[in-house]
Every structure is written in structure tokens, then in C-alpha cells.
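Structure record follows, encoded as C-alpha cells.
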Amino acid sequence: MNIIYENNNILIVGVADLMANTKLIPYLTFENTKNVLEYYKRVFGATDVTRESPTEKQAEEMSLNADVNLDNLTLQASFKVLDQQIFAADSFLGKPVISSLISLMLEVDAHDSDAESALENLYKQVTKSEEVKVIVTFEKKSSGNKYGQVVDKYGVTWIFNAVK
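Note that the sequence shown ends on residue 164 in UniProt numbering; no numbers are left out.
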């Protein structure tokens, strides 16, 4: 429970009320996000792709080389995979490090046949591209759930999970 002061009045608000409009959105960092976006469009069928390059003023504030082509840099980008939003940007503080500490999980309700079919079709599309490494084949497991895992060419682990 949280206590909020508003106009000299005390409001008591439950955590659930405060969190109702909160989202946790993945924000990935790459060496060349412009190329990464093309890869995700081609391999993962990314949609709603947006990309913003830094302005000259922003480049100056970030101490970027004056001769750098700003159109090749990405200050912020976003895209969707299965209608789930992901943000990305170039790493301006040095080369990003590939890590297996974080994975992206696409989870659907297996009782929703359309959602499960969309997840399975995405898995097939991604693996058919031969531009990912399959870690676990997407198939029914002993739990009754369908589960699979791939690592894309940028080192991002994608988990496909259809839960009962």
C-alpha cells in the first residue's frame, strides 16, 4: 500500500492500482541497430518498425566524431514481434557485450489456438531462415506446454512458450 499526498489530502493507493498502467518493455543495445532492424524484419517478421537517428546537436552532446554519418546511427528504435513491442538503440558507450543473462520470451495461452498457431508459425519462419541457432526445438514437453528456444545472430535468446 502506498500513501500519496495530493492537494493536502492523503490518498491511500494499493500497489495494484499504481502498477495497472506500468509496462516492462525490452530495450536492446547493438553495435549497428539499423542493420539489426532489417534482420528482425526479414527473419522475425518485425512490424511497426521505427528508427530515429541523432541530430547534429545530439551528436555533439554525445561527443561523436564530426565526420560520422548520423543516418547510420540509431538513437532509438522500436519494433514489434507478435504484437509485442521491443526497443533498441546503438551502443554509444563502446561495443555491446553479448550476454545470455537476459532472454526474450514470447508466451501465449495454448488454449487460444490462434495465438498458439501464430507462435508456432513464427518459430517455423525463424528457424527456416537458417539465421538462428536452435537450442531447444519447439514441441510439446512432458508438462504439456510447447516450448522452444533459439539464439539469433546478435546473441539474443528467444523463448517460444505455449502454456496450458
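Cβ atoms here follow ideal geometry from the backbone N, Cα and C, with glycine treated the same way. These numbers come from a predicted model, not from an experiment.
Excluding sequence positions up to five before and after LEU122, its CB lies within less than 8 Å of the CB of PHE44, GLY45, VAL81, LEU82, LEU106 and PHE160, all in the same chain and listed in chain order.
Contact between GLU31 and LYS95 holds: CB atoms are separated by about 6 Å, below the 8 Å threshold. The C-alpha of GLN58 lies about 20 Å from the C-alpha of TYR27. When C-beta atoms of the segment 107-119 are compared with those of the segment 66-78, fewer than three pairs fall below 8 Å, so the two segments do not count as touching.
As DSSP reads the structure, ILE86 sits in a beta bridge with PHE79.
An exposed status is given to ASP48, since fewer than 16 other beta-carbon atoms sit within 10 Å of its beta-carbon. In chain order, LEU106 place their CB closer than 7 Å to the CB of GLN84, counting only its own chain and leaving out the 5 sequence neighbours on each side. Closest option to ALA77, judged by alpha-carbon separation, among THR50, LYS23, SER143 and GLU61: THR50. Contact between LEU104 and TRP158 holds: their C-beta atoms lie close to 5 Å from each other, under 8 Å. Within the same chain, and ignoring the five residues on either side of LYS34 in sequence, the residues whose Cβ sits closer than 7 Å to its Cβ are ARG51, ASN72 and THR74. Nearest neighbour of SER142 by Cα position, chosen from LEU101, LYS164, ARG42 and GLU116, turns out to be LYS164. Just so you know, the alpha carbons of TYR154 and ALA162 end up roughly 24 Å apart. LEU106: member of the beta strand (DSSP E) spanning 103-109, first to last residue. Here DSSP, grouped into helix, strand and coil, assigns ALA46 to coil.
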